[in-house]
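Visitor: Sharing a structure below in structure tokens format, with a few things to ask.
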Amino acid sequence: MALKFRLIERNVTIGKHAGRKLFFAQQVAQNKLTFAKLCDVISEGSTVSSADVKAVIDRLAHAFSHYLSEGFIVDCGELGSFRPSFGSQGVERIEDFKVHKHLRKARVRYMPPRNFSALRLASYQRIDELANKPETGAPSTPDEGKKPTPPVSGEDTGEGI
1 MALKFRLIER NVTIGKHAGR KLFFAQQVAQ NKLTFAKLCD VISEGSTVSS
51 ADVKAVIDRL AHAFSHYLSE GFIVDCGELG SFRPSFGSQG VERIEDFKVH
101 KHLRKARVRY MPPRNFSALR LASYQRIDEL ANKPETGAPS TPDEGKKPTP
151 PVSGEDTGEG I
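Just so we're aligned: 77 in full-length UniProt numbering is position 77 of the sequence shown, and the numbers increase by one with no gaps anywhere.
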């Protein structure tokens, strides 16, 4: 199955195209693999039960929380590594720096291994806006017909696309 996207027109506010309207690809999510289904899929390919898989992943989440909050990089072998990350605002004088004011919220960054090939063979499929609109006036599901969520800041430039 292909990675699906639609083209969205946005005003560019920075960079060499500032003040212009450009079209950018915006990914359209297809479905969500639930935690229960993920545990079932892993269980089917192994000798452990779905409950055992869930128990191990629950414990993994606990270990992640503990070690990432201590500043460790968590190496998960063929899956990749996870590391803590945060940003900050700059100050002119070192004595003006206040942790509660100038540090940004900590996040977890995922670093795939060099040979990670999950998306290597991915293809792309453009979804036309007209094809996404319901034919009748009322949506058949609560989410159908809603506008997409606005982009996260930084996507307006199109960098990384």
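The beta-carbon is built from N, C-alpha and C at its ideal position, and this holds for glycine as well.
1. Between which residues of its own chain and TYR124 is the CB-CB distance below 7 Å, once the five residues before and five after are set aside?
2. Kindly indicate which three-state DSSP category SER85 falls into: helix, strand or coil?
3. Helix, strand or coil: which one does DSSP assign to LEU38?
4. Can you check whether the CB of LEU68 is closer than 8 Å to the CB of PHE82?
5. For ILE57, name the three-state secondary structure that DSSP assigns.
6. First and last residue of the beta strand (DSSP E) that includes VAL28?
7. Sort VAL108, LEU79, LYS98, PHE86 by Cα distance to SER117 and report the nearest one.
8. Using the Cα positions of ILE73 and VAL108, report the straight-line distance between them to the nearest angstrom.
9. Could you spell out where the alpha helix (DSSP H) holding VAL99 opens and where it closes?
10. Hey, how far is the Cα of GLY19 from the Cα of THR13?
11. Name, in chain order, the residues that DSSP records as bridge partners for TYR67.
12. When you compare the segment 47-57 with the segment 31-39, are there three or more beta-carbon pairs, one atom per stretch, that lie closer than 8 Å?
13. Please classify ASP75: does DSSP put it in a helix, a strand, or coil?
14. Distance check for THR34 and ILE8, CA to CA, integer angstroms please.
15. For ASN11, which residues from the same chain have a beta carbon less than 6 Å from its beta carbon, with the 5 sequence-adjacent residues on both sides left out?
Guide: The answer reads as follows:
1. ALA2, LEU3, PHE5
2. strand
3. helix
4. yes
5. helix
6. 21-28
7. LEU79
8. 10 Å
9. 99-102
10. 6 Å
11. Its beta-bridge partners do not exist; DSSP assigns none.
12. yes
13. strand
14. 28 Å
15. LYS21
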